[in-house]
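Working notes, beginning with the structure itself.
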Amino acid sequence: MDEQTLEQVRSVVASIPPGRVLGYGDVAELAGLRSARLVGRILAEDGADLPWYRVLRSDGTVAEHIRHRQLEHLRAEGVLADNGRVDMRRYRWEAE
DNA sequence: TGGATGACCAAGG
DNA sequence: ACCTTGGCCATCC
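Counting from 1 along the first sequence, just add 6 to a position and that's the residue number in this note's numbering.
Structure below.
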């Protein structure tokens, strides 16, 4: 991992406004990466001080191990999940 | 060197 | 709506 991409990803995630979300793939694209997996990995080990919970799968679901915590954070910002599934059409952050 | 393993994704069955 | 497949990238056996 080079320091460069790490900063890129951190900066993108940090710029997501409260109450909005992005998919891992979206973050990858905005950060100039080719792999969404890499974003997930980065947030997993270096996202503690970031609003990592505003990043989820592109279909609105979240990985099992963090499901509870993530949805709880989002609920606090007004992002409601129906059956553990967020409505991306409604909360996805559109900006460029 | 090779395969398995993730906080992933899009397209097909 | 659920599963598989092929692509993706870094790490760890």
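We treat Cβ as the ideally placed atom computed from N, Cα and C, and that holds for glycine. No experiment lies behind these values; they were computed from the predicted model shown.
Considered as a whole, the region 11-70 harbours 30-36, 42-52 as its complete alpha helix (DSSP H) runs of no fewer than 4 residues, in chain order. Counting every other CB atom within 10 Å of its CB across the protein chains shown gives A34 a total of 16 or more, marking it as buried. Close CB contacts of G90 within its chain, under the 8 Å cut and outside five residues either way in sequence, are with T67, V68, R73, L77 (chain order).
The beta-carbon separation of W99 and L28, rounded to 5 Å, stays under the 8 Å limit for a contact.
For the set R95, R16, G53, the Cα lying nearest the Cα of G38 is the one of R16. With contacts defined as CB atoms closer than 8 Å, R63 and Y30 qualify as a contacting pair. Within 10 angstroms of the beta-carbon of L86 lie fewer than 16 other beta-carbons, which makes it exposed. Here R60 is buried. Its C-beta has 16 or more other C-beta atoms within 10 Å.
Of the candidates R81, T11, M94, the residue whose Cα lies closest to the Cα of S41 is T11. When the Cα atoms are used, E83 and Y97 turn out to be separated by approximately 11 Å.
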